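In the numbering used here, the protein residues as written are 33 to 666.
For glycine and all other residues, C-beta sits at the position ideal for the given N, C-alpha and C.
Since this is a predicted model, take the numbers as computed values, not measurements.
So the structure is just underneath, and the comments pick up after that.
As structure tokens, then:
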């Protein structure tokens, strides 16, 4: 049964709805009044068909105010039907309205439902007059994700008393009048200019104002200590080919690069490569109150295990601060990766100082989430060793390396990287191997798709070298991808295995949850939320021969390989990022509350916007799995 309500009721209900639901809450006041004047309030009893293909070109746009709408349309799978649900705040039939066609879906009231209904002409007026609404109609959940990010950044700017965040272009932060000299300028003249300007460096530029080098007080000390003539030209003593970033680069990129290369100043160029200015770590961190470079130096310069553990204890506060500043998920995970890599490197160096050089070159390899550069503050160890036995037998070298590997695992455990309960660690003899042994191991996984090998492939096929002979580690990775790409039976089985973990979308409820010991129903954001994206991206990337372990980078590589459209890959990448963001927020909450950190979340505690986006993210995961089914004919 369908009921129409009076206009005054529609206006009152609509006003309350618009206030709290995106993107309507972002409409200008005039367009909100237009919406209220042209909408109808409609009630539908459970079981009533609200809209179906037989209605012809979709005449109305529906926004759900209360209740649940059950939707059914032709799809893949054994039944040939796809079913999904829409709840408060969601709308339909967007694609049909944009395409000016009949819907392909039957929308039925799953419970008693109340909707705001807008005629096609009013819908088209809103699209033409509102960029916000038009963007939402065309990009859907992606526009809502942008809105969430903007809200975070605005909140951060309010707290900090400024408008800049880590997404600020360097062109807005740099100082545009750096000291410069020509390559032929004598060292003496450059030093006098530095003294007059009270600066510690001078940029060496050519006739087109392009940076060719930098000369610092550190370089001056080397000149004096080496007995060089102060009348020598700068070109003979400067540091050539300096690192540069352009004006459009975001501040967070400068933070990462300055920390990675252990430098205090960054040269900024315009799009033509000409000098635009410089920025110092002080410029960024005085603005952001985040001293990543200082923390990185504390880690890399730790004089002992205790000092390293103390430096690592500050990482959580840094992550919290970055999240408060509105940094994106990929930005945060890149910085976590940088700090983790520095920690692993220093741990290895300290152990080698403590125990002595084992006398054999080896490479430290990271697997799993660390291998994908997707770690958060909750992580365990997944690592191995690649070594060159030289003239010795692998067994002899392994016996010498394993005690060192175990001590490294112990130090990393003290730093917060918990020991792996599955023993996926370098101290495991099966993971401390020569190049030939590693290749045989991977050939064995690919050649026999047993349940154990399929499980192992989800860990070991995501790897990267962190310390030692990086070229050897990268060569092994390239070889592994070639081995996997050449075995279609393995890839087909691996793809089928990916479908075992379904996104937690329910038929009768919006999310599928499991009851924990405390009686609360929660869903696992890592296993059920992230894994469908990670697994599908892995197998599709392996098939395409993409030597990349990071999930977002794999999606981008799949676009370049012609496997995915840019639109699809972007939707999958943004959805993956949102689930990761919720996971990071939950870790942040757990840490602040002194709770044991885990990946289980009560979806009922999410605000309406986050619930809505999370549901859409899981739908994208399901759509990705459908593409996997079609690609591998599963």
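Let me know the secondary structure DSSP gives residue i once reduced to three states.
| i | result |
| --- | --- |
| residue 51 | helix |
| residue 735 | Residue 735 falls outside the range modelled here, since the chain spans only 33 to 666, and no answer is possible. |
| residue 82 | strand |
| residue 432 | helix |
| residue 77 | coil |
| residue 619 | helix |
| residue 300 | strand |
| residue 529 | helix |
| residue 320 | With a pLDDT of 48 at residue 320, under the threshold of 50, the predicted position of this residue should be treated as unreliable, though the coordinate-derived value follows. Residue 320: helix per DSSP, three-state reduction. |
| residue 546 | strand |
| residue 22 | Any property of residue 22 remains undetermined from this structure, which presents the chain solely from 33 to 666. |
| residue 387 | helix |
| residue 200 | coil |
| residue 205 | coil |
| residue 395 | strand |
| residue 495 | strand |
| residue 42 | helix |
| residue 596 | coil |
| residue 631 | coil |
| residue 346 | coil |
| residue 537 | strand |
| residue 114 | strand |
| residue 96 | strand |
| residue 134 | strand |
| residue 460 | coil |
| residue 122 | coil |
| residue 335 | coil |
| residue 72 | strand |
| residue 185 | Residue confidence is low: residue 185 scores 49 on pLDDT, short of 50, so the model does not pin down where it sits. No coordinate-derived value is stated. |
Quick one: what's got a C-beta closer than 6 Å to residue i's C-beta in the same chain, skipping five residues either side?
| i | result |
| --- | --- |
| residue 58 | 164 |
| residue 125 | 90 and 135 |
| residue 364 | 354 |
| residue 376 | 498 |
| residue 281 | 202 |
| residue 294 | none |
| residue 149 | 72, 74, 92 and 94 |
Where does the unbroken beta strand (DSSP E) through residue i begin, and where does it stop?
| i | result |
| --- | --- |
| residue 553 | 553-556 |
| residue 466 | 464-466 |
| residue 418 | 415-419 |
| residue 104 | 101-106 |
| residue 312 | 307-312 |
| residue 141 | 138-141 |
Sorted by chain position, which residues of the same chain lie with C-beta nearer than 7 Å to residue i's C-beta, five sequence neighbours on each side aside?
| i | result |
| --- | --- |
| residue 653 | 535, 564, 565 and 607 |
| residue 193 | Residue confidence for residue 193 is low, a pLDDT of 39 falling below 50, so the modelled location carries little weight; the figure read from the coordinates is stated next. Excluding positions up to five away in sequence, the list is empty. |
| residue 225 | 211, 213 and 234 |
| residue 401 | 407 and 411 |
| residue 429 | 392, 419 and 421 |
| residue 279 | 201, 202, 203, 300, 302 and 308 |
| residue 286 | 202, 277, 298, 311 and 316 |
| residue 39 | Any reading at residue 39 needs caution, since the residue's pLDDT is 48, under 50, leaving its predicted position unreliable; the model's value is listed next. Hits under 7 Å: none found. |
Is the separation between the beta-carbon of residue i and that of residue j shorter than 8 Å?
| i | j | result |
| --- | --- | --- |
| residue 142 | residue 81 | no |
| residue 595 | residue 576 | yes |
| residue 553 | residue 634 | yes |
| residue 617 | residue 631 | no |
| residue 556 | residue 491 | no |
| residue 243 | residue 268 | no |
| residue 404 | residue 334 | no |
| residue 571 | residue 508 | no |
| residue 436 | residue 504 | no |
| residue 255 | residue 219 | yes |
| residue 3 | residue 328 | With the chain running from 33 to 666 in the structure shown, residue 3 is simply not present. |
| residue 416 | residue 382 | no |
| residue 361 | residue 613 | yes |
| residue 97 | residue 120 | yes |
| residue 487 | residue 461 | no |
| residue 380 | residue 440 | yes |
Is any heavy atom of the ligand MN found at a distance shorter than 7 Å from the C-beta of residue i?
| i | result |
| --- | --- |
| residue 137 | With respect to the ligand MN, the structure offers nothing, as it holds no ligand at all. |
For residue i, report the span of its alpha helix (DSSP H) as first-last.
| i | result |
| --- | --- |
| residue 642 | 640-664 |
| residue 512 | 502-517 |
| residue 10 | Here the chain covers residues 33 to 666 and nothing more, so residue 10 does not appear. |
| residue 450 | Per DSSP, residue 450 belongs to no alpha helix (DSSP H) and is neither H nor E. |
| residue 583 | 583-592 |
| residue 163 | 163-171 |
Please confirm whether residue i has its beta-carbon closer than 8 Å to some beta-carbon of chain D.
| i | result |
| --- | --- |
| residue 41 | Here there is only one protein chain, and chain D is not present. |
Output needed for residue i: all residues of its chain with C-beta closer than 8 Å, excluding positions within five of it in sequence on either side, in chain order.
| i | result |
| --- | --- |
| residue 660 | 527, 530, 531, 568, 571, 572 and 666 |
* Of all the beta strand (DSSP E) runs that stay within the bounds of the region 211-287, which reach a length of 3 or more residues? -> As far as the region 211-287 is concerned, its whole beta strand (DSSP E) runs of at least 3 residues are 233-237, 243-248 and 276-278.
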